[in-house]
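Visitor:
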Amino acid sequence: MYEEYIGRIVEIRLKNRYITGRIISYHNPLINIKHISDDLQNITGQIVISSKIEEIVAIN
Numbered sequence: 010m011y012e013e014y015i016g017r018i019v020e021i022r023l024k025n026r027y028i029t030g031r032i033i034s035y036h037n038p039l040i041n042i043k044h045i046s047d048d049l050q051n052i053t054g055q056i057v058i059s060s061k062i063e064e065i066v067a068i069n
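Mapping of the sequence shown onto the numbering used here: position 16 corresponds to residue 25, and the numbering continues sequentially without gaps.
1. Hey, could you find the ends of the beta strand (DSSP E) E12 is sitting in?
2. Apart from the five residues on each side of it in sequence, which residues of its chain come closer than 6 Å, Cβ to Cβ, to Y27?
3. Comparing C-alpha positions only, which one of I68, I18, N69 and E13 sits nearest to I42?
4. Just to confirm before moving on: does the CB-CB distance between I33 and Y14 stay below 8 Å?
5. Alpha carbon to alpha carbon, how far is G16 from I68? Give it in angstroms, no decimals.
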């Protein structure tokens, strides 16, 4: 489902914030992302896919 975003910079809209970063990989149920804008500056992290993700918008 999220494979099309791998390698792209995206904005992920969660329930109460936005995370902008490059999707590194997707292995259901985890999205690995390199954060470039968030309170988690310049680190690599994982987002567990759940109802928390409201929308993913490709920026580049």
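Each residue gets a CB set at the ideal place from its N, CA and C atoms; glycine is no exception.
No experiment lies behind these values; they were computed from the predicted model shown.
Guide: On the basis of the coordinates in this document:
1. Note, E12: premise wrong, no beta strand (DSSP E); not H, not E.
2. E20
3. I18
4. no
5. 11 Å
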